[in-house]
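S.K.: Please find one structure pasted underneath; my questions will follow.
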Amino acid sequence: MRFILTTFAAIGLLGFVVGTAHADAGAGKAAFAAKKCTGCHYTDGPAKERNIADQLAKKGPELWYAGSKFQAAWLKGWLQDPKPIRHLAYNSLTKKNAGDHPKLSAGDAANVADFLMRKTTSEVKAGVIKPKKSLKGKKIFTKKMPCTGCHQSASKKGKVTGGFSGPTLVGVGKRLNPDWIYAYLKNPTHFKPFKAMPTFAGILKDKDLKKVAKHVSNLK
Amino acid sequence: MKKLIKISLLAAVFGLAWLINGQTATAAGAEETFKFYCAQCHGLEGKGKGPNVTKDFPVTPRDFTNAKEMSKLSDNYIRGIIMDGGPSQSKSPLMPPWSKTILDVDVNGLIKHLRGLCKCKGKAG
Numbered sequence: 001m002r003f004i005l006t007t008f009a010a011i012g013l014l015g016f017v018v019g020t021a022h023a024d025a026g027a028g029k030a031a032f033a034a035k036k037c038t039g040c041h042y043t044d045g046p047a048k049e050r051n052i053a054d055q056l057a058k059k060g061p062e063l064w065y066a067g068s069k070f071q072a073a074w075l076k077g078w079l080q081d082p083k084p085i086r087h088l089a090y091n092s093l094t095k096k097n098a099g100d101h102p103k104l105s106a107g108d109a110a111n112v113a114d115f116l117m118r119k120t121t122s123e124v125k126a127g128v129i130k131p132k133k134s135l136k137g138k139k140i141f142t143k144k145m146p147c148t149g150c151h152q153s154a155s156k157k158g159k160v161t162g163g164f165s166g167p168t169l170v171g172v173g174k175r176l177n178p179d180w181i182y183a184y185l186k187n188p189t190h191f192k193p194f195k196a197m198p199t200f201a202g203i204l205k206d207k208d209l210k211k212v213a214k215h216v217s218n219l220k
Numbered sequence: 001m002k003k004l005i006k007i008s009l010l011a012a013v014f015g016l017a018w019l020i021n022g023q024t025a026t027a028a029g030a031e032e033t034f035k036f037y038c039a040q041c042h043g044l045e046g047k048g049k050g051p052n053v054t055k056d057f058p059v060t061p062r063d064f065t066n067a068k069e070m071s072k073l074s075d076n077y078i079r080g081i082i083m084d085g086g087p088s089q090s091k092s093p094l095m096p097p098w099s100k101t102i103l104d105v106d107v108n109g110l111i112k113h114l115r116g117l118c119k120c121k122g123k124a125g
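Chains A and B are the protein sequences, given in the same order. Sequential numbering of the first sequence, starting at 1, is according to the numbering used here. Sequential numbering of the second sequence, starting at 1, is according to the numbering used here.
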């Protein structure tokens, strides 16, 4: 009898959790529209950009694969306290990022994060990349194909150096899904048909792309 | 069978039109291509002062408006650097290889654009 009651209680709890999650995603979708996030970000994939002009016309990054790209905890926190990820304004090489991305309340942030984390793509396979020290990855990152030319990163002592045209990689280990980093290096045009970052797939070996992804996902 | 051939032909024509349209759209915009890819380091005006060139940047990106220096470079040399990166011509790896990113036809446009910036011709070879 106790077993049956426990089972019913568990099923009830599961139903509540699932029901709540759906409600949150729905509320997140509504908040996303109400806060006019759709004015700068599109969330329905696949990628829509057919040329450079299409890319440059965008006011913010596409989010149709946000659930494959970001880490949920980071996204929820960032939406409440959106510190600039880029030194320069999106799609600009001259204008500094004003740091004026709208802030969401804790409740809206949780709901919007829930909504966005459901936006995934099968191009990102789970469990391929584990954040790990990789000497070869670091060597490629800093010397062979210096990612630091366009991206900022922090040394062990916390000194931040690097270029400004790409998003910062300071704290990227908490921001990005390691498997997305590899998927992006392997097939970037699936995500961004026109991007200012060179495609390294086909130039670097696949195993080296994985090592770079390991190194990047391990950056603090 | 005839219907199948007609549909296949139609699909091929549309596919080819889409491909050509896509390629010429980028090929026509040499300045746009330059500003999108190259200006990050070389600057929008091509003077080697892009936003990535901070005090920590270990090399000086080429100034494409310097006619004296640019006239020493052949178009083939420039093509090699763009496609295969700096190290292919004993230059810095901070100039990455763009062969998997920029179409051949767009590189032709880029070279013409660079020649416009320096108002010079390259040496033969």
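Don't be surprised by glycine CBs; every beta carbon is placed ideally from N, CA and C.
Measure the alpha-carbon distance for F32 of chain A versus T38 of chain A and round it to whole angstroms.
M.R.: So the two alpha carbons sit approximately 7 Å from each other.
S.K.: Would you mind working out which of A:A27, A:K210, A:K59 and A:K48 sits nearest G137 of chain A, comparing C-alpha positions?
M.R.: Considering only alpha carbons, the answer is A:K210.
S.K.: Can you check the region 152 to 211 of chain A for any beta strand (DSSP E) of at least 3 residues that lies completely inside it and give the ranges in chain order?
M.R.: Correct list: 152 to 154 and 160 to 162.
S.K.: Going by Cα to Cα distance, which pick from A:K36, A:D54, A:A30 and A:A34 is closest to K195 of chain A?
M.R.: The residue with the shortest Cα to Cα distance from K195 of chain A is A:D54.
S.K.: Tell me the residue span of the alpha helix (DSSP H) that contains L75 of chain A.
M.R.: Looking at the DSSP string, the run of the alpha helix (DSSP H) that includes L75 of chain A is A72 to Q80.
S.K.: For P84 of chain A, which residues from the same chain have a beta carbon less than 6 Å from its beta carbon, with the 5 sequence-adjacent residues on both sides left out?
M.R.: Same-chain partners within the cutoff: N97 and G99.
S.K.: Which word fits P46 of chain A, buried or exposed, when buried means at least 16 other C-beta atoms lie within 10 angstroms of its C-beta?
M.R.: Answer is exposed; the Cβ neighbour count stays below 16.
S.K.: Measuring straight from C-alpha to C-alpha, what distance separates S74 of chain B and S88 of chain B?
M.R.: Straight-line Cα distance between these residues: approximately 15 Å.
S.K.: Here's the rule: buried if 16 or more other CB atoms are within 10 angstroms of the residue's CB, otherwise exposed. What is L219 of chain A?
M.R.: Flag for L219 of chain A reads buried.
S.K.: With 16 other CB atoms within 10 Å as the buried threshold, where does S68 of chain A fall?
M.R.: So S68 of chain A counts as buried.
S.K.: Determine whether the Cβ of I111 of chain B lies closer than 8 Å to any Cβ atom of chain A.
M.R.: No, I111 of chain B does not count as interfacial toward chain A.
S.K.: Which residue comes first and which comes last in the alpha helix (DSSP H) that contains Y42 of chain A?
M.R.: Neither: Y42 of chain A is in no alpha helix (DSSP H) and is coded neither H nor E.
S.K.: Here's a check: name, in chain order, each residue in its chain whose Cβ is nearer than 7 Å to the Cβ of A110 of chain A, leaving out the five neighbours to either side.
M.R.: Result list for A110 of chain A: D24 and K76, in chain order.
S.K.: Starting from Y77 of chain B and walking both ways along the alpha helix (DSSP H), at which residues does that stretch end?
M.R.: First-last of the alpha helix (DSSP H) with Y77 of chain B: D75 to D84.
S.K.: Might you give, ordered along the chain, the residues of its own chain that have their beta carbon closer than 7 Å to the beta carbon of K95 of chain A, omitting 5 neighbours on each side?
M.R.: Closer than 7 Å at Cβ, skipping near neighbours: L88 and A89.
S.K.: From T120 of chain A to W180 of chain A, what does the alpha carbon distance come to, in whole angstroms?
M.R.: Roughly 10 Å separates the two Cα atoms.
S.K.: Would you give the residue range spanned by the alpha helix (DSSP H) that F115 of chain A belongs to?
M.R.: First-last of the alpha helix (DSSP H) with F115 of chain A: A106 to L116.
S.K.: May I ask whether a heavy atom of the ligand FMN can be found less than 7 Å away from the beta carbon of R50 of chain A?
M.R.: What this structure holds is no ligand at all, so the ligand FMN is not there to describe.
S.K.: Are any of the Cβ atoms in chain B nearer than 8 Å to that of I181 of chain A?
M.R.: So no, I181 of chain A is outside the interface.
S.K.: What residues from the region 171 to 203 of chain A come within 7 Å of chain B, judged by C-beta to C-beta, listed N to C?
M.R.: Per Cβ criterion, the list reads A196, P198, T199, A201, G202 and I203.
S.K.: Rank A:A113, A:K59, A:W74 and A:H41 by C-alpha distance to the C-alpha of G173 of chain A and give the top, closest one.
M.R.: Of the candidates A:A113, A:K59, A:W74 and A:H41, the one whose C-alpha sits nearest the C-alpha of G173 of chain A is A:W74.
S.K.: Secondary structure at K96 of chain A, three-state DSSP: helix, strand or coil?
M.R.: Residue state, collapsed to three classes: strand.
S.K.: Could you list the residues in the region 38 to 65 of chain A with a C-beta less than 9 Å from some C-beta on chain B, going in chain order?
M.R.: For the region 38 to 65 of chain A, which is checked against every Cβ of chain B, the residues closer than 9 Å are R50, N51, I52, A53, Q55 and L56.
S.K.: Thinking just about the alpha-carbon of each residue, which of A:D44, A:V212, A:K207 and A:G171 is nearest to the one in Q71 of chain A?
M.R.: Ranking A:D44, A:V212, A:K207 and A:G171 by Cα distance to Q71 of chain A puts A:G171 first.
S.K.: Go ahead and pull the three-state DSSP assignment for L117 of chain B.
M.R.: Note: L117 of chain B maps to helix in three-state DSSP.
S.K.: Does DSSP classify L135 of chain A as helix, strand or coil?
M.R.: The answer is helix: DSSP assigns L135 of chain A an H, G or I state.
S.K.: Taking the continuous alpha helix (DSSP H) assigned at T33 of chain B, which residues delimit it?
M.R.: Element bounds for T33 of chain B: A30 to T33.
S.K.: Output needed for A201 of chain A: all residues of its chain with C-beta closer than 8 Å, excluding positions within five of it in sequence on either side, in chain order.
M.R.: Here the set comprises L185, K186, N187, P188 and L209.
S.K.: I'd like to confirm the pairing. Which residues does DSSP put opposite L88 of chain A in its beta bridges?
M.R.: Beta-bridge pairing links L88 of chain A to A:K96.
S.K.: Short check: CB of K143 of chain A to CB of K214 of chain A, under 8 Å?
M.R.: Not in contact: K143 of chain A and K214 of chain A (Cβ atoms no closer than 8 Å).
S.K.: Measuring only the C-alpha atoms, how far is K139 of chain A from G26 of chain A?
M.R.: Answer to the nearest angstrom: the Cα atoms are 44 Å apart.
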